[in-house]
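Below is one structure, written out as C-alpha cells; comments come after it.
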Amino acid sequence: MYQKDEAPSFDNVPRHIAIIMDGNGRWASKRLLPRTMGHREGMKAIKRVVKACSEIKVKALTLYAFSTENWRRPKNEVNYLMDLLIEFLNRELQELHENNIKINVWGDYHSLPPKCVDEIERARHLTQHNEAMVFNLAINYGSRTEIVRGVKRWGQDVLDGRANIDDLDEHMFSSYLYTHDIPDPDLLIRTAGEFRLSNFLLWQVAYTELWITDVTWPEFTREHLFQAISDYSKRDRRFGGLNSPKREGKNVKSKNI
Ligand code: FPP
Numbered sequence: 003m004y005q006k007d008e009a010p011s012f013d014n015v016p017r018h019i020a021i022i023m024d025g026n027g028r029w030a031s032k033r034l035l036p037r038t039m040g041h042r043e044g045m046k047a048i049k050r051v052v053k054a055c056s057e058i059k060v061k062a063l064t065l066y067a068f069s070t071e072n073w074r075r076p077k078n079e080v081n082y083l084m085d086l087l088i089e090f091l092n093r094e095l096q097e098l099h100e101n102n103i104k105i106n107v108w109g110d111y112h113s114l115p116p117k118c119v120d121e122i123e124r125a126r127h128l129t130q131h132n133e134a135m136v137f138n139l140a141i142n143y144g145s146r147t148e149i150v151r152g153v154k155r156w157g158q159d160v161l162d163g164r165a166n167i168d169d170l171d172e173h174m175f176s177s178y179l180y181t182h183d184i185p186d187p188d189l190l191i192r193t194a195g196e197f198r199l200s201n202f203l204l205w206q207v208a209y210t211e212l213w214i215t216d217v218t219w220p221e222f223t224r225e226h227l228f229q230a231i232s233d234y235s236k237r238d239r240r241f242g243g244l245n246s247p248k249r250e251g252k253n254v255k256s257k258n259i
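In the working numbering, the protein residues as written are 3 to 259.
Below, the structure is given as C-alpha cells:
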C-alpha cells in the first residue's frame, strides 16, 4: 500500500484512466446516513483522484458521473446529484484551470437542468486550450447511446457525401465517438466490488485492463489509485498477440487490495 501523500514515479503511467465510481449509497447506508451524503463524500474522492492523476501526469481521466439509466432514481437524489455537479464546478473550476486541466463532458448534457448546462459550458469554454490533462465527466452518458449517435453521424456524412461506406473501418468509426481525440482507456477502475461495465465505454474498453476493488468510492484515496496503477504496470498487455517483448518469460499476476 502506498504511503499517504507520496506521489510515486511509475515507469508505465496509463495514458487514460477511466473510473466507474460506485458504492456511494452503500457507504452512506453503512453509516446510517442518507444516500445523498454518500454522493457528497464521493465528490471529495473526485477531487483527490483528479489531483493525484494530474501529479503523476496521466493524460486523460474519465469519470462515470451520471448514466442515462440514473434518471430512474428518486427525483430528490437526481436533483441532489445535479446540484453537486454545479457545486463541484463552481468550487473547483479555477484550480483545475490553473493546473492546465481541460474539462470535457461526454453524454447529452443539454437535457440537464439549465444551470448545469451553463456551468458545464463555462467550464468547457474556460479550459478548452489546457493541455496537461483532459478530465472527462460522463454525464447523462450511456455507451450504447454513444454508439448509436456515432452511427447516425456517420450515416449523415455518407448521405451528405463526406464519407464512403467502403472506407469505414474501426479506426474511422472511432472518430465518431466521444473518445475521437484521445486514446482508449489503458486502465478501468471500478469501486464497490461489482464485476460489470454498466454501459460504460463498451467500444473503447476492448483491450483495457480492469481493476476492481471492494473499496467504495467515497473511501477511495490516492493510495488506492497508485496501487491500481502499480498493479496495472505489472500486467502483460498482449492485445491478442503473444507476450509483449517487455514481459517475455514473466508471468506476473496483478493483485487487488
Ligand atoms: C454510484 O453510487 C455513483 C453515482 C451514481 C454517481 C457518482 C456521483 C458522484 C461521485 C457525486 C459527485 C459527482 C460530481 C460530478 C461532482 P451509487 O449511488 O450507485 O452507490 P450504491 O451502488 O452503493 O447505491
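C-beta: ideal position from N, C-alpha, C; glycine also.
Report whether the distance from the Cβ of residue 276 to the nearest heavy atom of the ligand FPP is below 7 angstroms.
In this structure the chain extends from 3 to 259, so residue 276 is not present and cannot be described.
Distance between residue 47 and residue 53 (C-alpha atoms, nearest Å):
10 angstroms
What are the boundary residues of the alpha helix (DSSP H) that residue 156 is part of?
Judged by DSSP secondary structure, residue 156 falls within the alpha helix (DSSP H) whose first and last residues are 145–161.
I need the DSSP call for residue 12, collapsed to helix, strand or coil.
coil
Throw me the rounded Cβ distance for the residue 143 and residue 70 pair, which I believe falls under 8 angstroms.
7 angstroms
Can you check whether the CB of residue 62 is closer than 8 angstroms to the CB of residue 149?
One thing to note: residue 149 has its Cβ no nearer than 8 angstroms to the Cβ of residue 62.
Which residue comes first and which comes last in the beta strand (DSSP E) that contains residue 131?
First-last for residue 131: undefined, no H or E at that position.
Proximity to residue 194 [Cα-Cα], best of 29, 19, 11, 18:
29
Do residue 103 and residue 129 come within 8 angstroms of each other at the CB atom, strictly closer than that value?
yes
Count the other CB atoms within 10 Å of the CB of residue 157; is the residue buried (16 or more) or exposed (fewer)?
So residue 157 ends up on the exposed side.
Pairs of beta-carbons, one from the segment 26–43 and one from the segment 212–223, closer than 8 angstroms: are there three or more?
yes
Please tell me whether residue 19 and residue 214 are closer than 8 angstroms, where the distance is taken between their beta carbons.
no
For residue 186, count the other beta carbons within 10 Å of its own beta carbon; 16 or more makes it buried, fewer makes it exposed. Which is it?
buried
Among the candidates 119, 25, 236, whose CA atom is the shortest distance from the CA of residue 84?
119
I think residue 58 touches residue 9, with their Cβ atoms under 8 angstroms apart; what is that distance to the nearest whole Å?
6 angstroms
Residue 96: buried (16+ other C-beta within 10 angstroms of its C-beta) or exposed?
exposed
Given 7 angstroms as the limit, tell me if residue 108 has its C-beta closer than that to any heavy atom belonging to the ligand FPP.
no
Which same chain residues, not among the five before or five after residue 16, have their C-beta less than 7 angstroms away from its C-beta?
60, 188, 189, 231, 234
Hey, is residue 45 close to the ligand FPP, as in C-beta under 7 angstroms from one of its heavy atoms?
yes
Find out if the Cβ-Cβ distance for the pair residue 145, residue 205 is shorter than 8 angstroms.
yes
DSSP state of residue 165, grouped into three classes?
coil
Could you tell me which residues DSSP puts in a beta bridge with residue 191?
Paired residues: 21, 213.
Would you report the Cα separation of residue 238 and residue 245, rounded to the nearest angstrom?
7 angstroms
Kindly list the residues whose CB is nearer than 7 angstroms to the CB of residue 86, restricted to its own chain and excluding five residues on each side of it in sequence; keep chain order.
41, 42, 45
My assumption, with CB atoms under 8 angstroms, is that residue 141 sits in contact with residue 67. Please give the rounded CB distance.
5 angstroms
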